[in-house]
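Okay, so here's the structure we're looking at.
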Amino acid sequence: MAWISEDRRQALVRDGKPLLTDDMKKTLEEKYFPRYPTKRAVLLPALHLVQHEYNWIPPQAIEEIAQFLEIAPAEALDTASFYEEYWLKPKGKYLLQVCRSLTCEICGSEKLREHLQSRLNIDVGETTPDKRFTLVELECLGACGSAPVMLVNEVLYENIASTDQLDQILDRLPDDPHDFKDPNITWEQDGSHSG
Amino acid sequence: MWEWIVWGGMGFSKAVTERASKARTGYIKEVMALTEPVLTKRIPLDPDQRKLIRYDEYVATGGYQALKKALEMSPDEIIKTVTDSGLRGRGGAGFSAGQKWSFIPKEKKGPHYLCVNADESEPGTFKDRYVMNHDPHMLLEGIAITSLATQCDVAYIFIRGEYHYSAKVLEFAIREAYEHGIFGPNGILGSGKKLECYVHRGAGAYICGEETGLLEALEGKRGWPRNKPPFPAIAGAFARPTVINNVETLMNVPHIIERGPAWFKSMGTPSSPGPKLFGMSGHVNKPGVYEDELGITLDYAINTLAGGMKGGAYKACICGGISMGVLGTNQLDIRLDFDDVRFRGGCLGLGTAGMIVMNEHTDMVKALRNCVRFYSHESCGQCTPCREGSHWMRKILDRIVAGEGKASDLNMLMELEKTMGIMPGTTICGLADGTSWATRTFISKFYDEFARVCPEEPQRRVSLKVASGRMNVLTPMGSNTR
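Same order as they appear, the protein sequences are chains A and B.
Residue numbers for the first sequence follow the working numbering, beginning at 17 and rising by one.
Residue numbers for the second sequence follow the working numbering, beginning at 69 and rising by one.
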């Protein structure tokens with residue numbers, strides 16, 4: 017949790033179409049409702065689902081989730097605003113999260129952060145004008161053995177020894193973030209299980 | 069408590085502390101080294117050869133045998149075996165796992181839950197990620213046995229949001245386990261004892277690693293820790309009896325069931341038996357997760373396991389995540405078990421054994437600023453001493469790092485550190501204790517470094533307007549008369 021002192025007066029723009037689509041409702045009903053004895057417990061998975069779809073959680077979606085889970089919108093917002101991973105304002109296609117905790121700091125994460133700042137010409141917490149990158153600093157990513165580390169969307173990059181390596185990582189990112197897959201996941205494709 | 073530090077840090081002679089240590093823990097073996105890997109037995113040392121151990125390979129190498137054995141035992145027998153083994157929780161507190169399970173009501177009046185704490189966010193700790201990524205079925209087997217012992221119906225693996233890869237690995241392994249009848253409608257291996265297992269992803273909050281904070285997050289609320297009692301064993305998740313264990317703790321369980329408490333006790337020290345994963349990071353040549361017995365010395369961990377220091381001589385080491393405090397330059401002989409680090413090392417405990425080793429060129433003031441920044445960022449904001457205290461400590465340390473430190477800043481830090489946390493009884497959870505112990509041990513063990521950047525204020529002449537005209541007085545800068 018963080019004491020994020022950013023502007024939360026996001027105007028509630030309502031779209032004619034629902035953001036929590038019937039497909040998403042079906043996923044929640046079939047996959048997540050049987051898991052928990054209360055509906056409210058589905059809130060975290062629901063927020064993850066919405067964020068995965070839209071890359072952030074619009075206020076309208078929070079209202080819809082609250083209605084779907086039969087809780088007050090304020091309760092849903094309360095939870096959504098507590099957790100750092102939920103974005104209540106739009107972010108770039110690629111979220112660059114540089115670890116800044118002790119091991120990474122003594123192994124040189126500051127250099128990486130400064131390089132990213134100057135390369136992208138943004139400050140920590142900002143998004144590039146083309147909406148491609150958002151840069152944030154994060155507390156421990158739990159990979160101290162391979163410090164310094166950086167999380168790009170869902171993929172962890174370890175042992176980033178030089179700024180050249182960092183440049184390479186950024187240059188190789190595909191245009192569409194949906195094409196960006198974790199190269200370490202090789203075991204899922206061989207189809208020996210029924211998904 | 070303050071006395072502990074002075075005693076552990078620099079006070080007693082080596083002979084006295086050695087004697088005290090022996091009196092407390094009985095005979096300790098001179099050289100400790102694990103004869104065979106236990107938790108990492110399927111993970112090769114060479115990083116290039118590591119891969120995900122899938123169900124077939126896990127079973128072919130002796131997996132799920134302990135579960136079959138556990139199915140023939142009664143819940144009480146399982147609990148007794150684990151209690152006899154002396155397994156202590158690997159999540160930081162070191163509480164007896166068997167004892168924890170025995171608090172769950174024997175008479176079942178509704179569902180019981182098992183929550184696996186995989187919310188590994190303590191800086192320096194990365195052992196759970198390592199074992200989950202490579203050998204998830206060992207965790208699932210531990211979950212199944214624990215659920216048999218405590219009659220749980222549903223197991224939730226609460227994994228932190230940033231562990232995307234690990235969450236996918238676990239979901240994949242759980243699917244495999246369902247297909248092979250470990251979980252699911254027919255009960256564990258067709259025994260009729262039903263168990264469901266799910267992954268629940270957190271969303272980036274360190275406080276959810278606190279067990280009641282974890283329960284709140286599981287229920288879809290903000291992760292504010294709960295006041296205890298009631299303890300989770302009586303009213304935990306969804307107000308039902310709940311067991312909460314760390315990943316590594318549960319991974320030890322199959323081995324204890326399979327090979328017995330006596331085997332488990334042959335490793336480690338009498339008060340802290342068993343193998344342990346040590347996460348070595350920072351200024352060492354070979355950082356990574358190493359498995360060894362509890363009770364190895366810090367010197368052995370750094371120089372033998374992690375391949376020695378990098379870039380300079382040893383200066384300090386965070387022994388188990390930053391909440392436990394720091395070990396000083398003269399403490400290389402500390403034994404890494406749950407007691408020696410605490411009583412002789414002057415830290416809060418062994419914690420998670422995630423070690424951050426620092427060489428002689430490390431600036432300890434900056435290191436402490438980093439630790440305190442972590443707490444001020446992760447404080448959930450529920451209790452005033454923690455929310456305000458960590459924030460002010462961070463501001464003071466920012467000032468000191470910027471070169472504007474004063475002796476009064478240092479005094480203020482030490483005063484703040486003594487007034488927050490569970491131990492003075494001012495907060496609900498232990499996050500504030502982490503802040504205090506980090507600050508306390510850093511300052512007490514490296515006082516000179518802090519004093520150098522926090523000089524006594526120079527006396528300066530100021531004019532005060534008094535009724536009778538102007539008067540020149542000497543006053544220290546920074547005092548209230550300014």
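Ideal Cβ placement from N, Cα and C applies to all residues, glycine included.
* **CB of M32 of chain B within 8 Å of CB of M377 of chain B, strictly** => Coverage of chain B is limited to positions 69 through 550, which leaves residue 32 of chain B absent and any answer about it impossible.
* So does E188 of chain B have its beta carbon nearer than 7 Å to some heavy atom of the ligand SAM? -> Absent from the structure shown: the ligand SAM. Ligands present: none.
* Asked: Do we get a CB-CB distance below 8 Å when we pair L60 of chain A with the residues of chain B?
  -> On the first sequence, position 44 is the one that residue 60 of chain A refers to. Yes, L60 of chain A counts as interfacial toward chain B.
* **Cβ distance (whole Å) where G413 of chain B is taken to contact Q399 of chain B below 8 Å** => Stepping through the second sequence from its first residue, residue 413 of chain B is reached at position 345. Stepping through the second sequence from its first residue, residue 399 of chain B is reached at position 331. Indeed they touch by this definition, with Cβ atoms about 6 Å apart.
* Taking only runs of the beta strand (DSSP E) that begin and end inside the region 122-180 of chain A, which ones reach a length of at least 3 residues, in chain order? -> 149-154, 166-168, 171-173
* **Chain-ordered chain B contacts of I78 of chain A [CB-CB under 7 Å]** => On the first sequence, residue 78 of chain A is found 62 positions in, with the first residue counted as 1. Within chain B, no residue comes near I78 of chain A; the closest Cβ sits about 13 Å away, beyond 7 Å.
* With a cut-off of 8 Å on the beta carbons, I'd call P300 of chain B and G281 of chain B a contact; round off their distance for me. => Residue numbering aside, residue 300 of chain B sits at position 232 when the second sequence is read from its first letter. Residue numbering aside, residue 281 of chain B sits at position 213 when the second sequence is read from its first letter. Rounded, the Cβ-Cβ distance is 11 Å, inconsistent with contact.
* Relative to chain A, which residues along the region 248-273 of chain B have a C-beta separation below 9 Å, given in chain order? -> E264, Y266, H268, R269, G270, A271, G272, A273
* Asked: What is the rounded straight-line gap between the Cα of F518 of chain B and the Cα of K296 of chain B?
  -> What you label residue 518 of chain B is simply residue 450 of the second sequence in a count that begins at 1. What you label residue 296 of chain B is simply residue 228 of the second sequence in a count that begins at 1. Distance between the alpha carbons of F518 of chain B and K296 of chain B: 37 Å.
* With DSSP as the reference, label N226 of chain A as helix, strand or coil. => In the structure as shown, chain A begins at 17 and stops at 211. Residue 226 of chain A is therefore absent and cannot be evaluated.
* Beta carbon of R56 of chain A, beta carbon of I87 of chain A: below 8 Å? -> Reading the first sequence from its first residue, position 40 is the one you call residue 56 of chain A. Reading the first sequence from its first residue, position 71 is the one you call residue 87 of chain A. Closer than 8 Å, so yes.
* Closer than 8 Å to chain A by CB, E287 of chain B -> Translated into positions along the second sequence, residue 287 of chain B becomes position 219. E287 of chain B counts as touching chain A.
* For the putative contact between A212 of chain B and L283 of chain B, defined by C-beta atoms under 8 Å, what is the C-beta separation to the nearest angstrom? -> As a first step, residue 212 of chain B is located in the second sequence; it is residue number 144 there, counting from the start. As a first step, residue 283 of chain B is located in the second sequence; it is residue number 215 there, counting from the start. Not a contact, Cβ separation roughly 21 Å.
* Asked: Mind pulling the chain A residues with CB within less than 9 Å of A435 of chain B?
  -> Mapped onto the second sequence, residue 435 of chain B falls at position 367. The contacting residues are L118, E121, I122.
* Contact under 8 Å by Cβ, C522 of chain B with A470 of chain B -> Mapped onto the second sequence, residue 522 of chain B falls at position 454. Mapped onto the second sequence, residue 470 of chain B falls at position 402. Not closer than 8 Å, so no.
* Hey, does S215 of chain B have any beta-carbon neighbour from chain A nearer than 8 Å? -> Taking the first residue of the second sequence as position 1, residue 215 of chain B is located at position 147. Not an interface residue.
* **For P343 of chain B, the three-state DSSP class (helix, strand or coil)** => Against the second sequence, residue 343 of chain B aligns to sequence position 275. Note: P343 of chain B maps to strand in three-state DSSP.
* **Inside the region 313-367 of chain B only - beta strand (DSSP E) runs reaching at least 3 residues** => 343-350, 356-361
* Got a sec: which bits of the region 354-365 of chain B sit with their beta carbon under 7 Å from any beta carbon on chain A, in order along the chain? -> P355, G356, V357
* For N71 of chain A, decide whether its Cβ has a neighbour in chain B, counting only Cβ atoms nearer than 8 Å. => Within the first sequence, residue 71 of chain A is the residue found at index 55, counting from 1. It does not: the Cβ of N71 of chain A has no partner Cβ on chain B nearer than 8 Å.
* Asked: If you measure from the beta carbon of F49 of chain A to each beta carbon in chain B, is any gap under 8 Å?
  -> Here residue 49 of chain A corresponds to residue number 33 of the first sequence, with the count starting at 1. Chain B, which has no Cβ nearer than 8 Å to the Cβ of F49 of chain A, makes this no.
* Interface residues of chain A around C439 of chain B at Cβ under 9 Å? -> Numbered from 1 along the second sequence, position 371 holds the residue referred to as residue 439 of chain B. Here the neighbours are S117, L118.
* CA-CA distance, S339 of chain B and E524 of chain B? -> Counting from one through the second sequence, the residue named residue 339 of chain B turns up at place 271. Counting from one through the second sequence, the residue named residue 524 of chain B turns up at place 456. S339 of chain B and E524 of chain B: Cα-Cα distance of roughly 45 Å.
* To do: Alpha carbon to alpha carbon, how far is S189 of chain B from D196 of chain B? Give it in angstroms, no decimals.
  => Translated into the one-based positions of the second sequence, residue 196 of chain B becomes position 128. Translated into the one-based positions of the second sequence, residue 189 of chain B becomes position 121. Roughly 10 Å between the two C-alpha positions.
* Asked: Is I326 of chain B close to chain A, meaning its C-beta is less than 8 Å from at least one C-beta of that chain?
  -> As a first step, residue 326 of chain B is located in the second sequence; it is residue number 258 there, counting from the start. According to the sequence as given, residue 326 of chain B is Glu; it is not Ile. E326 of chain B does not count as touching chain A.
* Collapsed DSSP secondary structure at T93 of chain B in the structure displayed -> Taking the first residue of the second sequence as 1, we reach residue 93 of chain B at position 25. Low local confidence applies: a pLDDT of 45 at T93 of chain B is under 50, so the model's placement there is unreliable, and no value is given.
* For H180 of chain B versus F226 of chain B, is the C-beta distance shorter than 8 Å? -> As a first step, residue 180 of chain B must be located in the second sequence, where it is residue number 112. As a first step, residue 226 of chain B must be located in the second sequence, where it is residue number 158. Not closer than 8 Å, so no.
* Asked: What residue does the alpha helix (DSSP H) around C551 of chain B start on, and which one ends it?
  -> Residue coverage of chain B in this structure runs from 69 to 550, which leaves residue 551 of chain B outside it and unanswerable.
* DSSP beta-bridge partners of C451 of chain B -> Residue numbering aside, residue 451 of chain B sits at position 383 when the second sequence is read from its first letter. Partner(s): none; C451 of chain B has no beta bridge.
* Is DSSP giving G414 of chain B helix, strand or coil here? -> Within the second sequence, residue 414 of chain B is the residue found at index 346, counting from 1. Reduced to three states, the DSSP call for G414 of chain B is coil.
* To do: Report the neighbours of I386 of chain B on chain A: residues whose CB is nearer than 8 Å to its CB, in chain order.
  => Locating residue 386 of chain B in the second sequence gives position 318, where the first residue counts as 1. Ordered by position in chain A, the residues that pass the 8 Å Cβ test against I386 of chain B are L118.
* According to DSSP, is P199 of chain A helix, strand or coil? -> In the first sequence, the residue the question calls residue 199 of chain A occupies position 183. It is coil, neither helix nor strand.
* To do: Would you mind telling me which residues of chain A sit closer than 9 Å to G502 of chain B, beta carbon to beta carbon, in chain order?
  => Walking along the second sequence from the start, residue 502 of chain B turns up at place 434. Per Cβ cutoff of 9 Å: no residues; G502 of chain B is ~13 Å from chain A at best.
* Asked: Comparing the C-beta of K236 of chain B with each C-beta of chain A, is any distance below 8 Å?
  -> Translated into the one-based positions of the second sequence, residue 236 of chain B becomes position 168. Interface residue, yes.
* Local Cβ density within 10 Å of A384 of chain B, reported as buried at 16 or more and exposed below that -> What you label residue 384 of chain B is simply residue 316 of the second sequence in a count that begins at 1. With 16 or more other Cβ atoms within 10 Å, it is buried.
* Can you tell me the Cα-Cα spacing of H202 of chain B and F240 of chain B, whole angstroms? -> Walking along the second sequence from the start, residue 202 of chain B turns up at place 134. Walking along the second sequence from the start, residue 240 of chain B turns up at place 172. Going by the C-alpha atoms only, they are around 12 Å apart.
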